[in-house]
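For reference, the structure discussed in these notes is given below.
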Amino acid sequence: MNIPIDQISTFDRVRQASRPQVDALVASIREVGLLNPITVAPTDVGFALVAGMHRLEACRMLGMTAVPAITLDLDANQRIIAECDENLCAPTLTASERAEFTRRRKAAYEALHPETIHGAIGGGHDQSRQLGDSAKAPRFTTDTAAATGQSERAVQRDAERGEKVSDEALGMIKGTRLDTGKYLDSIKNLAPEDQVARVEADLSPSEPNEKRDTAPDAPVDPERRKLAKLTTDALIDEVLGLRAHLADEKAKSARLKDEREDLTSKLTEATSGEQGKVIGNLQRQLHQLKGRIAEHQTAAKRWERKAVKAEARVKELENLPIDMGAL
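Add 1074 to the 1-based position in the sequence shown for my numbering, that's all there is to it.
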C-alpha cells in the first residue's frame, strides 16, 4: 500500500541515513522507480519505519508525497530487532556498528523474552545450558545467528563489545582507523572514562616512525593498498558507484527479460498456424537429416579404424625377412 511520507516516523533509529547513499538512490529511483517497498509498522499516531531509511529519504528528496510500503504489526522492541537484523545482514558494517546493533538487538530481544536472560529461572531454561542448546524460546545468540547468518560465537563476541565499550567511546571510534574488532577488544575491560582517554590518545596524530598495529610480514593485496590510500569520501563514492552500476545492470536485465518474453510470445503466435506446420515439417526433416549424417559419420569412423589396421598389417608384412631358398 502507499503510505503518506509525512505519516512515517524515523525517531529512535539506531542508524541514520547516509547522504551519499541517499543521493545515489535518488538517481536510481528517478530512472527505474522504487523497486523494493519500504517496511513500516502502524503506531497510535501513524507509522514507524522498520526498514528502508535510505529509500524513504530518497523518495522524500524526489518530492514524493507517498511511498509504497509493506506494513507489519510490530511493537517497539520488535521494530528494533527488525532494524538490527536488516543492518547486521549487510556486509559493510564496521566493528563498532556491529557491536552497537548487536547490543541494541540483545536488549530488545531480552525485553521480549526475559526468560532467556542469563541466570533467569523459568520458561524451560537451564541456567547452565551452552551455545547451541535447544529450548522453547531460543537464547539470544541462537536467534540472532539464525536471523543474520552469523555464528553464535560471533554474535556473542559483538554483543560483549557493545555492552562493555561505552557509547561515548564507540561514537569516537566509529569510522576511524581504530574501528576494528581487535581495538574494541583491547579497551573493553577498561573503565568508561579510561576508554575515552585511550581513544583520544590513539586518535592523535601518529609519530613518523610509530610502529603500526599490523603484522610486518603480512602480504598486502595491491587492490587493498590502492583503496587504503583513498579518503573516506572517495571510498563512499567508489561503493556508491558500484551500487549504481549494479542498479543499472539489474534494470537492463529486467528489460532484456521483457524483450525475451515478448519474442517468445511472438514466436508462439507465428508457429500456431499454417506457417507453424511448415516450420514443424522442416524441423522434422532437419532432425532426420541430422540422424542420417550421424549414421554416416559412425560408418566412416568404423571404416577409418579398419583402414588403420590394414595399414599396420601391410607394414608388418613389408618388414618380414624373405627366405630366398624357399622361393
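Even glycine gets a Cβ: it sits at the ideal position worked out from N, Cα and C.
Self-check item: Residues that P1116 bridges to, as DSSP identifies them
Solution: Position 42 of the sequence shown, counted from the first residue, corresponds to residue 1116. According to DSSP, P1116 shares a beta bridge with F1121.
Exercise. For S1225, write down the residues that DSSP places opposite it in a beta bridge.
Key: Here residue 1225 corresponds to residue number 151 of the sequence shown, with the count starting at 1. BP columns for S1225 are empty, so no partner.
Self-check item: DSSP-derived helix/strand/coil call for S1260
Solution: In the sequence shown, residue 1260 corresponds to position 186, counting from 1. Helix at S1260.
Exercise. Leaving out five residues on either side along the sequence, give the residues of the same chain with a beta carbon under 7 angstroms from the beta carbon of D1149.
Key: Taking the first residue of the sequence shown as 1, we reach residue 1149 at position 75. Excluding residues within five positions, none has a Cβ falling inside 7 angstroms.
Quiz item: Alpha carbon to alpha carbon, how far is A1091 from E1274?
Solution: Mapped onto the sequence shown, residue 1091 falls at position 17. Mapped onto the sequence shown, residue 1274 falls at position 200. So the two alpha carbons sit approximately 26 angstroms from each other.
Quiz prompt | Option in F1085, G1126 and T1190 with minimal Cα separation from A1143 | solution = If you number the sequence shown from 1, residue 1143 lands on position 69. When only C-alpha atoms are compared, the closest one is G1126.
Quiz item: Are at least three pairs of beta-carbons, each pair with one atom in the region 1233–1252 and one in the region 1262–1274, less than 8 angstroms apart?
Solution: Contact between the region 1233–1252 and the region 1262–1274 is present, because at least three Cβ pairs lie under 8 angstroms.
Quiz item: So the alpha helix (DSSP H) A1243 belongs to, where does it begin and stop?
Solution: Along the sequence shown, read from residue 1 onward, the residue named residue 1243 stands at position 169. Here the alpha helix (DSSP H) through A1243 covers D1241 to I1247.
Practice problem: Give the range of the alpha helix (DSSP H) segment to which N1151 is assigned. | Solution: Locating residue 1151 in the sequence shown gives position 77, counting from the first residue. Segment A1150 to L1162, the alpha helix (DSSP H) holding N1151.
Quiz item: So, using beta-carbon positions, are A1156 and V1124 closer together than 9 angstroms?
Solution: If you number the sequence shown from 1, residue 1156 lands on position 82. If you number the sequence shown from 1, residue 1124 lands on position 50. Contact flag set, yes.
Exercise. Identify, in the order they occur along the chain, each residue of the same chain with its Cβ nearer than 7 angstroms to the Cβ of A1221, setting aside the five sequence neighbours on each side.
Key: Within the sequence shown, the letter at position 147 stands for residue 1221. Around A1221: D1159.
Quiz item: Taking the beta strand (DSSP E) that T1145 falls in, what are its first and last residues?
Solution: Locating residue 1145 in the sequence shown gives position 71, where the first residue counts as 1. Where T1145 is concerned, the enclosing beta strand (DSSP E) stretches over A1140 to T1145.
Quiz prompt | N1076 in three-state terms, based on DSSP | solution = Locating residue 1076 in the sequence shown gives position 2, counting from the first residue. Secondary structure of N1076 (DSSP, three-state): strand.
Quiz item: Comparing alpha-carbon positions, which option in N1151, S1170 and I1191 lies nearest A1182?
Solution: Mapped onto the sequence shown, residue 1182 falls at position 108. The residue with the shortest Cα to Cα distance from A1182 is N1151.
Quiz item: Should D1241 go down as buried or exposed, given a rule of 16 or more other Cβ atoms within 10 Å for buried?
Solution: Counting from one through the sequence shown, the residue named residue 1241 turns up at place 167. A residue is called buried when at least 16 other Cβ atoms come within 10 angstroms of its Cβ; D1241 does not meet this threshold and is exposed.
Quiz item: Do the region 1211–1229 and the region 1127–1139 make contact, defined as three or more Cβ pairs closer than 8 angstroms?
Solution: With a cut-off of 8 angstroms, the region 1127–1139 and the region 1211–1229 do not count as touching, because too few Cβ pairs lie within range.
Quiz prompt | Rounded separation between L1099 and I1112 - CA only | solution = Working through the sequence shown from its first residue, we reach residue 1099 at position 25. Working through the sequence shown from its first residue, we reach residue 1112 at position 38. If you take the alpha carbons of L1099 and I1112, they lie about 13 angstroms apart.
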